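I have placed the structure first, in the form of structure tokens, so that the comments after it can refer back to it.
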Amino acid sequence: GALSNLVGGDQEIWLQVIKRLVPARFVDMNQKAFLAGRDAGRD
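The opening residue of the sequence shown carries number 381 in our numbering; numbering runs sequentially from there.
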């Protein structure tokens, strides 16, 4: 998530990529971790 601030791109696209690449049972956890990292990386 934090790196996505440097790489750029729309947050929704990142979340869609996670949904497509991560096994279904881990999607929610990974999306939450991504968002937390993205927020932390902005500080």
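Note that CB positions come from ideal geometry on N, CA and C, so glycine has one too. These numbers come from a predicted model, not from an experiment.
- Under a 10 Å Cβ-count criterion, G421 is classified as exposed, with fewer than 16 other Cβ atoms of the shown protein chains found around its own Cβ.
- By the 16-neighbour rule on beta-carbons within 10 angstroms, F414 is buried.
- Cβ-Cβ separation between V387 and K399: approximately 18 angstroms, too far for a contact (criterion under 8 angstroms).
- Inter-residue distance for L401 and D423 is about 28 angstroms (C-alpha atoms, whole angstroms).
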